[in-house]
Every structure is written in structure tokens, then in C-alpha cells.
Amino acid sequence: MARTTVHVCSQCGFQSAQWRGQCPGCEAWNTLVEERLRAAGAERRGQGARLRVLGAGNGSGAPGRLMPRPLREVGTAPIKRLSTGIGELDRVLGGGLVPGSLVLLGGSPGIGKSTLTNMVLGHLQQAGKRTLYVSGEESAEQVRLRAERLVLDPAGPARASHPALSVPVLAETDLESILETLASEAPHACVIDSVQTLRSAELSGAPGSVGQVREVAARIMELAKARGIAVILVGHVTKDGALAGPRVLEHLVDCVLQFEGERERPYRELRALKNRFGSTNEAGLFEMRQGGLVEVLDASARFVAEATRSPGSVVLAAMEGSRPLLVEVQALVAPSELEQPRRVVSGLDRNRLALVLAILARHGRVGTGAADVFVNVVGGVRVDEPGCDLAVALAVASASRGVPIQSAPRACFGELGLTGELRWVGHPERRLQEAAKHGLGGVIAPVDSGAPACEVATLRDALALALPERSGEAKIRSISARPGAPTLA
Ligand code: TYD
Ligand code: MG
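Residue numbers for the sequence shown follow this note's numbering, beginning at 52 and rising by one.
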């Protein structure tokens, strides 16, 4: 039988008939990826085009010569979007699903990807659109059982006629059969759950291997673009986001959504990492309940109500894309038994914490060199902006001194510079408004933030305002005062 696939090194392009652990070309390990051989005709056509470009053709308008057009002559049709019926998801997508586009929905197992996509198709079905749910992971019965849980919502439509139960489902992993079904059904929207379970018979690799995942996505995309089908590809991400995961697809698809949160906690956050049809700043917040995912519209109110206001707790006025969000940042500072003390973060960047601790030690006289430091953004939310620095610093300082933030309830925001200054961050007026709306006054903010804020220029000033030192308190200030421990204070 003629060979139909080839293994190509993803680093140097070396081609080999068999798979090898190490590339003979560049000696890199695990870089050979199986690819379908292009038909000989297509190859030759490609070469012809290249020759013409180089001037080797006859130049007399050879067949296949293309005419570039000025941009202004390129027609643009307004994008008609499909509303998913889930406001938070529509917002993250930039207004809804775009027909003919591919959306990759990544997230760790059990986070709720299948639940979300089930709900989307249910809503679309209800809106009179044709849908298709392809499940390579679960049997049709399992999909139905999940859909039944979504139907339990007493406020929703009656059970028998519930749109979630009229979504057509296909439990299949063979790519070629799926493509054929997709072409004949021509749904408005289709979910592939998950891209790692599908397998093309034309490649020998196992489902989920880089070659297979790429092939599956590329062939589905070809069909989706041709037929104007909006496709959501579900993909699992491992903790490090690597191994044959959907990372290899990021450049191919139009939109990459990341569904994150902690499995044990109810809050889930949906973020766009890439979006050809919208902004990547938006984030949607959901809560996993018995009847499925529920949009959280009053997140700030909940987080502020839950804030403990004990030592180590600070409310941060953060921005989630274009939307302000009040979250509680908690810190715990405890003497460490370890040579190299722990730095544990959740919902924050670990390097950011290291930076803030260094600035605190140098400019705030709060040393944590011999202490374990834990910092958590409560509720499983992730804050990915420089404006969180001040909140982290105040939470750690408050935890380290064992003193709550003074004249609470108050919030804060601002970025810390390496010389201990507090730097301006975007949208101060919206952050202040949000804080005021939830009854938080005296917001500590950088200079130029606007009217109701307590503007401060440096970390030192912020500490003086939030944690005024009383006599005698300095003694318990820093755990790094342990004998023999390195200290900067
Ligand atoms: P699932 O969507 O299957 O996760 P994924 O596809 O990302 O692997 O759902 C994960 C969890 O959600 C599962 O443990 C059960 C829970 N769940 C609810 O709490 N309520 C519900 O209504 C549904 C459908 C699921
Ligand atoms: Mg699933």
C-alpha cells in the first residue's frame, strides 16, 4: 500500500517515513509529528506557483496568476453572530458565535466544558437553529443524563419539551464519518467534545497525539469555513498546558477560550486568550450549580460580603477586561521550617508575588525572608493585572503584622514600581465607582486616580495609611526577626 503519511520534525522540517524519538536532522527529541502527505498534483501545482513568482514562468498571464486588490475594494459583509443565549459567554466571544469560525474551549477535566457547550446548543436549538453535539468522550446516554440535570431548573421550560433534550447527539470518534455527517446535516452550530478523542483513519497516530489533533482541527475547519458552521472544539489542558493538548491548535482556530477555576469551588471563569472577532480582555464569571452553570452578575457584591476583614484580608478593586470587579485578596505569613520558604499563590502570578515581597522588604520594612507566604484571591478568580500589586502588599503586610487593615471597609488598587512608588493603572474611575457602589470608602489608590480616592505616592505612604504603626507594634512586625534569619527590615 502506498504511503499516505510522513513524520515531519516540527523544529527543522526533517521528514521520515517512520516515527522516531529523536530527529535525525536536528537531534531534538519528540519533535516528529505525523502529517498526511499532500496529493502529488497539489504538490506540483504549488511548485508551479512558486516558479512563477520567481519569474521562471512565461509571464504572459499564466493560468493561476492572481490579482491583488487594494483593501478599499475588498467587500466586507457585517458579521452576523449567533447569540449563545448565555450573556457572559456572548460577551467574552465579542457578541456571540461567528458562523464559519472555530472556537477552542480549553480547560482542565471536570471544570464544566461539556456542561457549558450543552447549554449553548440547548439555547441555540430553542432559538430555532440546527445544532449537533459530537461526543467522543461520553456515550449518548451519558450526554443525555447530563442534559437531564440541566433540565431540573424549575423556572425553565417544561421537561419533556426542554430544548436541551432536543439537541441531536452523535457519539463517534471517527473523523471521516463525523465530517460526512457534518456536511450532510449542515448545522448552524456544532460542538466537538473533545478534539483529543477524534481520530482520522488516514494517520496512524493515537487519538490526542499532536499529529491527530492538528489533522482533526484542520479538516473540521475546512468544512466549517466552507459551510458557515460555527464550531466549538472542546480540549483538555493538562496542568502545564503542553502534552498534545490544544496548545498546538492555538494558531489555527479563530478564538481560544480558557475555562478555569477550582474544581472544589463553585466559581468558574471564562477568558478569551485569543479572539479574531473581539477583545481578549473580557472575562465571564459562572457558578456551577445543580441545574448547570449560572452566570454570576453580582460578583463584586458577593465577594465583598464574604470578605473577612481579618488580618491578611484586603479588598482589591480589579478590572476584568472592561468590567470592574471587587475581590478579596488574602495572605497568610507563617514562620517557615524550610531552608527555602514556601511562596504559594492562587489566582495570581507567582513572579508577581516574588516582586511584591522584595519591594515590601526593601521599601516597606516588612521582611518575609524566613516565612512561608501564601496569597489567595478568594473565590477561585484570577487577577492578571498589575493593579493587584498594592492589594498583595497590604495583605502580606497586614498578615505579617497580625493587624487588620485600618478603617475598613476600604479597598485598594495600584501597581508597585521597583523603587517603591505606587504607579497609576487604567480605569481608576470605574474601580472607584464600583467600590463606592458596594459601600467601600477611602480607597487607597495611586496619584491622579480622581476624586473620592485616598491618593498615595509610595508604598510606604499606603502602609502608613492602611496599617498605622502604634508604639509597641513594631516588635511583632516581622517574622524574619527570628534569630539567625536573614533580614532586611
Ligand atoms: P463537565 O461539564 O462534565 O466537565 P468537563 O466537560 O469540563 O470535564 O462537568 C463537571 C462537573 O460539573 C461534574 O463533576 C458535575 C458538575 N455538574 C454540576 O454540579 N451541576 C450540573 O448541573 C452539571 C451538569 C454538572
Ligand atoms: Mg466533558
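The beta-carbon is built from N, C-alpha and C at its ideal position, and this holds for glycine as well.
Distance check for PRO386 and LEU411, CA to CA, integer angstroms please.
17 angstroms
Those runs of the alpha helix (DSSP H) which lie wholly inside the stretch 340 to 384 and span at least 4 residues
350 to 357
Identify, in the order they occur along the chain, each residue of the same chain with its Cβ nearer than 7 angstroms to the Cβ of GLY493, setting aside the five sequence neighbours on each side.
SER458, ARG461 and CYS505
Looking only at its own chain, which residues have a Cβ that is under 8 angstroms from the Cβ of PRO392, when we skip the five neighbours before and after it?
THR419, GLY420, ALA421, ALA422, ASP423 and VAL424
Using the Cα positions of GLU236 and LEU274, report the straight-line distance between them to the nearest angstrom.
12 angstroms
Cβ-Cβ distance between SER451 and VAL384 below 7 angstroms
yes
Shorter than 6 angstroms, the distance from the beta carbon of THR166 to the closest heavy atom of the ligand TYD, or not?
yes
Which of helix, strand or coil does DSSP assign to LYS325?
strand
Distance, PRO75 Cα to ALA107 Cα:
Residue placement at ALA107 cannot be trusted, given a pLDDT of 42 that sits under 50; what the coordinates show is reported in the next sentence. ALA107 and PRO75: Cα-Cα distance of roughly 34 angstroms.
By alpha-carbon positions, which one of LEU140, LEU148 and GLY438 ends up nearest to LYS131?
LEU148
Three-state secondary structure (DSSP) of CYS472:
Per the sequence shown, residue 472 should be read as Glu rather than Cys. Three-state result, GLU472: strand.
Just to confirm before moving on: does the CB-CB distance between PRO519 and GLY501 stay below 7 angstroms?
no
How is GLU231 classed by DSSP in three states: helix, strand or coil?
helix
Beta-carbon proximity of GLN176 to VAL218, cut-off 7 angstroms:
yes
Touch test, the stretch 389 to 407 against the stretch 359 to 374, Cβ-Cβ under 8 angstroms, three pairs minimum:
no
Are the CB atoms of ASN332 and ARG145 within a distance shorter than 7 angstroms?
Residue 145 is actually Gly in this sequence, not Arg. For GLY145 and ASN332, no; Cβs fall outside 7 angstroms.
Let's see if you can read the secondary structure: which residues bound the alpha helix (DSSP H) around SER451?
440 to 452
Flag this pair as yes or no: are the beta carbons of HIS174 and VAL355 separated by less than 7 angstroms?
no
Does any heavy atom of the ligand TYD sit closer than 6 angstroms to the C-beta of ILE162?
yes
Roughly how far, in whole angstroms, is the beta-carbon of HIS87 from the beta-carbon of LEU254, given that I think they are within contact range, below 8 angstroms?
Strictly speaking, residue 87 in this sequence is Arg, with His absent from that position. Correct: roughly 7 angstroms between the Cβ atoms.
Can you determine whether any heavy atom of the ligand TYD sits closer than 6 angstroms to the C-beta of ARG87, and answer yes or no?
no
Per DSSP, ILE243 is paired with what?
VAL185 and LEU284
Let me make sure I understand the geometry here. Which of ALA268, GLU192, THR470 and VAL282 has the alpha-carbon closest to that of LEU303?
ALA268
Nearest-angstrom Cα separation, counted from SER260 out to GLY187:
15 angstroms
Identify whether THR127 lies in helix, strand or coil by the three-state DSSP scheme.
coil
Please name the residue, chosen from ARG322, ALA68, TYR184 and ARG120, that lies closest to SER245 on a Cα-to-Cα basis.
TYR184
Consult DSSP for ARG116 and reduce its assignment to one of helix, strand or coil.
coil
Of the residues LEU467, GLY64, GLY256 and VAL288, the one placed nearest CYS439, counting alpha carbons only:
LEU467
Kindly give me the distance between the Cβ atoms of LEU404 and VAL396, rounded to whole angstroms, as I take these residues to be in contact under 8 angstroms.
5 angstroms
Nearer than 6 angstroms: is that true of the beta carbon of MET170 relative to any heavy atom of the ligand TYD?
no
Can you give me the C-alpha to C-alpha distance between LYS276 and ASP499, rounded to a whole angstrom?
48 angstroms
Taking all protein chains shown into account, do 16 or more other C-beta atoms lie within 10 angstroms of the C-beta of ALA513, making it buried, or fewer, making it exposed?
buried
CA-to-CA distance, GLU301 to CYS60, given in whole angstroms
19 angstroms
Alpha carbons only, please: which of VAL432, VAL366, VAL84 and ALA257 is nearest the one belonging to THR224?
ALA257
Hey, how far is the Cα of LEU321 from the Cα of ARG481?
21 angstroms
Quick one: grab the DSSP three-state call for SER190.
coil
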